[in-house]
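Numbering follows my numbering, with no gaps: position 48 of the sequence shown is 31. All residues carry an ideal CB built from backbone N, CA and C; glycine is no exception. This one's a predicted model, so the numbers in the text were calculated from it and none came from an experiment.
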Amino acid sequence: MRITRAMMNDQAQWNISRILRDFGKLQSQLASGVKVEYPSDDPVVALRASDMSSKLREFEQYKRNANTAKNYLGSLDSAVQEYISLLHRMKELVVKGASDTLNDTDRLAIVTELREIQEHIANIANTRVGGRYIFSGTASDHPPAIKDENGRYTLGLPLGTRNLSTAVLGQRVEYTLTANDVFITQSGESIFKAIDRIIEHLENPEDAGLLLNSADIASVDLALERALEATAKIGGTSRLLEYLDNRLNDLQTYSTEVLSKEQDADLTEVVTNLATKQAALQAALKSAAQVLQPTLLDFLE
-16 MRITRAMMND
-6 QAQWNISRIL
4 RDFGKLQSQL
14 ASGVKVEYPS
24 DDPVVALRAS
34 DMSSKLREFE
44 QYKRNANTAK
54 NYLGSLDSAV
64 QEYISLLHRM
74 KELVVKGASD
84 TLNDTDRLAI
94 VTELREIQEH
104 IANIANTRVG
114 GRYIFSGTAS
124 DHPPAIKDEN
134 GRYTLGLPLG
144 TRNLSTAVLG
154 QRVEYTLTAN
164 DVFITQSGES
174 IFKAIDRIIE
184 HLENPEDAGL
194 LLNSADIASV
204 DLALERALEA
214 TAKIGGTSRL
224 LEYLDNRLND
234 LQTYSTEVLS
244 KEQDADLTEV
254 VTNLATKQAA
264 LQAALKSAAQ
274 VLQPTLLDFL
284 E
């Protein structure tokens, strides 16, 4: 087969174009720091990098969910601990109120403090974080403790109210407690109703000692038991979230490393390859210059 000058010209131009194309890719890698800028550069690597990027975005969402839940749990724990302190003080007052040696002034002082405690508990029940009532679950715009026209508090969450939950690593985690979980005793009585009854007994001192000893102290103990159960639930959920958060950190670190290996360019290697391509380009241009030099035969043809 006769090799014509035209064929040699085409080959020389093709070599130069190929080297320039590779040279351009290497320059892009050096500028961007990534091996694959477009899926067409390497479809397999581009797909793996895309999948890993999607996983990292998913992990970031899980982290945000976990942080929201942990913030809620922190607020819940502080509120319930404060409530428990009030219950302990309330029990002291009830025990004191059961004494036969108290006069009307003493009982009035206890009643006054119990009303203050009741008001304080109502404020705890209506604690808000970010404008949302933390003891209202899915009805977070609805205050759980409501005062009626007679000044009495009741718990009034809408029917069907549930605890809030979120997804962390594909697992549903309930991270709130409703007022019914905390402020209703094991007997089904709200703490507000229990306080109202205790106050009524103190304001009507006939047989007050017997009533306070037999019924009211027991109701405070039941309220304490319920509150301690709530703290146990909060602690258990907090530990679960801590475990899931640590798992997320590990997965994020691993996935980031894998993504880096998939898409990050080795800049040292890129610089070396650029120098090699630069030399190859110079050689190709020099060779092409010789091949493409016109001769007398070109004109005769």
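For residue i, three-class secondary structure by DSSP
i, result
"residue 84", "coil"
"residue 172", "coil"
"residue 239", "helix"
"residue 282", "The predicted model places residue 282 with a pLDDT of 44, which falls under 50 and marks its position as unreliable, so this point remains unresolved."
"residue 145", "coil"
"residue 116", "strand"
"residue 122", "coil"
Closest residue to residue i among the options (Cα-Cα distance)
i, options, result
"residue 101", "114, 74, 117, 125", "74"
"residue 120", "218, 68, 165", "165"
"residue 104", "233, 63, 168, 219", "63"
"residue 208", "178, 37, 182, 167", "167"
"residue 242", "35, 148, 107", "35"
"residue 93", "148, 179, 159", "179"
"residue 128", "106, 143, 144", "106"
Environment of residue i [buried if 16+ CB atoms lie within 10 Å]
i, result
"residue 70", "buried"
"residue 226", "exposed"
"residue 141", "exposed"
"residue 280", "Low local confidence applies: a pLDDT of 47 at residue 280 is under 50, so the model's placement there is unreliable, and no value is given."
"residue 90", "buried"
"residue 150", "exposed"
"residue 48", "buried"
"residue 297", "This structure cannot settle anything about residue 297, because the visible part of the chain is limited to -16 through 284."
"residue 359", "Because the chain spans -16 through 284 in this model, residue 359 falls outside it and cannot be assessed."
"residue 139", "exposed"
Sheet register partners of residue i (DSSP bridge)
i, result
"residue 138", "128"
"residue 98", "Beta-bridge pairing links residue 98 to no other residue."
"residue 150", "155"
Residue i beta carbon near the ligand ATP (any heavy atom closer than 8 Å)
i, result
"residue 84", "The ligand ATP is absent from the structure shown, which contains no ligands of any kind."
Inter-residue CB distance, residue i and residue j (contact presumed, cutoff 8 Å)
i, j, result
"residue 159", "residue 55", "6 Å"
"residue 39", "residue 235", "7 Å"
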